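Residue numbers for the sequence shown follow the numbering used here, so the first one is 178 and each next one is one higher.
Positions of the beta carbon are idealized from the N, C-alpha and C atoms, including for glycine.
Remember, predicted model here, so these are calculated numbers, not experimental data.
Remarks on the structure that follows.
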Amino acid sequence: MKQFVDVARPPAVLGNDAHIIGRAYQAHSFPSGHATTAFAIAGLFALGLGMRLWTCAIVALAVVVALSRAVVGVHWPLDILAGAFGGWLAAICALWLAERTRQFGERPLAQWTLALLLTACAVALVLGYPNEYPQADLFQRAIGICCIAAAAARLKRAAR
Numbered sequence: 178m179k180q181f182v183d184v185a186r187p188p189a190v191l192g193n194d195a196h197i198i199g200r201a202y203q204a205h206s207f208p209s210g211h212a213t214t215a216f217a218i219a220g221l222f223a224l225g226l227g228m229r230l231w232t233c234a235i236v237a238l239a240v241v242v243a244l245s246r247a248v249v250g251v252h253w254p255l256d257i258l259a260g261a262f263g264g265w266l267a268a269i270c271a272l273w274l275a276e277r278t279r280q281f282g283e284r285p286l287a288q289w290t291l292a293l294l295l296t297a298c299a300v301a302l303v304l305g306y307p308n309e310y311p312q313a314d315l316f317q318r319a320i321g322i323c324c325i326a327a328a329a330a331r332l333k334r335a336a337r
């Protein structure tokens, strides 16, 4: 949506009156991608698990992530609300789609295809790619290595 609804970010409108932490992005504010992602993940856990304590903790973490976008000065409150709504809606749609296609996902070919796709993503994390945050490279590679190790362990169990 950011390409279609080009809303200026706070630094572009407020200039030096806005306190920015990090890079001062100027355009494509609506909706907040961080809020969308945080609430999509929170929605999947909250609606999929149905465990009250975990739901509260995960939704609280999503709220903190979403609000941090305003704190660092790169999003308007409406961007954050739209992102939260969009993320929660995406979680609802994903759970609905997963329920309707459950039989397809249980087939060995689908499982292996998904496993290979996710392993390729993990390899890409390990190899790295140019980004604006070189401080995150080590963390990114560690996540990729952990994912590859988990996949290898799972494939070893499946081969038995």
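Lys-333 has its alpha-carbon roughly 44 Å from the corresponding atom of Phe-207. In the structure shown, Glu-283 adopts coil according to DSSP, grouped into three states.
Between Ala-217 and Gly-264, the C-beta spacing is below 8 Å.
In the assembly as shown, Gly-220 is a buried residue. Its beta-carbon has 16 or more other beta-carbons within 10 Å. Taking C-beta atoms as the reference points, Ala-247 and Ile-257 count as a pair closer than 8 Å. Of the residues Ala-336, Ala-267, Ala-237, Arg-229, the one whose Cα lies closest to the Cα of Trp-289 is Ala-336. Between Ser-209 and the set Ala-326, Glu-283, Met-228, Gly-260, the nearest pair of CA atoms involves Gly-260.
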